[in-house]
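Here is the structure we will look at.
In the numbering used here, the protein residues as written are 2 to 163.
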């Protein structure tokens, strides 16, 4: 139970940090690099599965990733880009903060429920996969939208030169 409380507190701190990072990011132009690096960095956490206590079954992997993709829908719907002065910026969304804390609360409840039937290590592994599935699908959707806007800007630049 102590591990569950500690991991939930760490999750809340990380969610709060993400909110501040997101608010600061809205002040600078977005880029492909800024969109793809977070899931790339997070993927290193998969090394946890080298340790046997964190390993999960294939069905648990699929379940965790599927729930992560479902959760990402809320983040995808609140992540919008806008073009300002020829650059693409991520529009800050007030709903994002509420959604992020709502997802955190839901994850904590799920962790409490699931943690009663499977070990702490398996629960940790599943919630890593849930978070990874969520951030990866969210960032891929952002990347798709960013590339679409970038093409629009390029077409406008070509039209201005003609």
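Glycine included, C-beta positions come from ideal geometry on N, C-alpha and C.
Is residue i helix, strand or coil when you go by DSSP?
| i | result |
| --- | --- |
| residue 89 | strand |
| residue 81 | strand |
| residue 149 | helix |
| residue 28 | coil |
| residue 56 | coil |
| residue 117 | coil |
| residue 94 | coil |
With C-beta atoms as the reference, is residue i less than 8 Å away from residue j?
| i | j | result |
| --- | --- | --- |
| residue 55 | residue 150 | no |
| residue 27 | residue 101 | no |
| residue 121 | residue 4 | yes |
| residue 138 | residue 58 | no |
| residue 75 | residue 111 | no |
| residue 126 | residue 50 | yes |
| residue 134 | residue 65 | yes |
Determine the burial state of residue i: buried for a count of at least 16 other Cβ atoms within 10 Å of its Cβ, exposed for fewer.
| i | result |
| --- | --- |
| residue 140 | buried |
Could you please give the first and the last residue of the uninterrupted alpha helix (DSSP H) stretch that includes residue i?
| i | result |
| --- | --- |
| residue 33 | 33–43 |
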